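Student: Residue numbers for the sequence shown follow this note's numbering, beginning at 26 and rising by one. From the three backbone atoms N, C-alpha and C, an ideal C-beta is built for every residue, glycine too. If you're wondering where the values come from, they're calculated on a predicted model, not measured in any experiment.
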Amino acid sequence: MTRLFIVILLVALLVGLASLEQHVIQSAYHKLENDTNTLVATIRTQSEAMQDIDTPENIAKINEMYEWWLRQERRLSMLARHFDLSQVSINLIYAKNFIYFNNDEEAMVGLMQVQYLVKTHSFNIGTSIQNVI
Numbered sequence: 026m027t028r029l030f031i032v033i034l035l036v037a038l039l040v041g042l043a044s045l046e047q048h049v050i051q052s053a054y055h056k057l058e059n060d061t062n063t064l065v066a067t068i069r070t071q072s073e074a075m076q077d078i079d080t081p082e083n084i085a086k087i088n089e090m091y092e093w094w095l096r097q098e099r100r101l102s103m104l105a106r107h108f109d110l111s112q113v114s115i116n117l118i119y120a121k122n123f124i125y126f127n128n129d130e131e132a133m134v135g136l137m138q139v140q141y142l143v144k145t146h147s148f149n150i151g152t153s154i155q156n157v158i
């Protein structure tokens, strides 16, 4: 009876840890997705109105997103492959550089790649049978 109780306790602990892992990953990617969508909408509006995108607000937003992602990347690297996480960093740097240089087309390419990575990695990194094996 005590062995059964210990096994049930260990399984419950593993399920709880897997749920916590999934929550941490999903919340990080959800915030990044929201921030990216906001910046994409802003840049799209500015480029359609033929305005410069290298405004202090856009530069501050992309810098904030990049610094926040670096902090998350350190934390998430314990749960996921660093290669998957670094792809997001690379594309944030790509978008950041082109926002600085006022190139709206290339900045949008970088931000669209971040959106794609957020959608695909949040499912690939999460708890699944393939990731457990």
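Taking Cβ positions, are Glu68 and Met137 nearer each other than 8 Å?
Tutor: One point to set straight first is that residue 68 is Ile, not Glu, in the sequence displayed. No; because the gap between Cβ atoms is not below 8 Å, this pair is not in contact.
Student: For the alpha helix (DSSP H) that contains Leu101, what are its first and last residues?
Tutor: Pro81 to Leu101
Student: Flag this pair as yes or no: are the beta carbons of Leu110 and Val139 separated by less than 8 Å?
Tutor: No.
Student: What are the boundary residues of the alpha helix (DSSP H) that Asn8 is part of?
Tutor: Absent from the model: residue 8. The displayed extent of the chain is 26 to 158, so no value can be given.
Student: Please classify Arg69: does DSSP put it in a helix, a strand, or coil?
Tutor: helix
Student: Below 8 Å on the Cβ atoms is my guess for Ile50 versus Leu101; work out the distance and round it to an integer in Å.
Tutor: 7 Å
Student: Verify the CB distance criterion: does Leu110 have a CB-CB separation below 8 Å to chain E?
Tutor: Judged by its chain identifiers, the structure shown contains no chain E, having just a single protein chain.
Student: For Ala120, which of helix, strand or coil comes out of DSSP?
Tutor: helix
Student: Given a cut-off of 8 Å on the beta-carbon distance, is the pair Tyr119 and Gly135 in contact?
Tutor: Their beta carbons are under 8 Å apart, which means Tyr119 touches Gly135 by this criterion.
Student: Return helix, strand or coil for Asp60, following the three-state DSSP convention.
Tutor: helix
Student: Let me check understanding here. Comparing Cα to Cα, which of Val40, Ala105, Leu39 and Val65 lies closest to Asn83?
Tutor: Val65
Student: On the premise that Lys121 lies in contact with Tyr91, defined as a C-beta separation below 8 Å, what is that separation, rounded to the nearest angstrom?
Tutor: 6 Å
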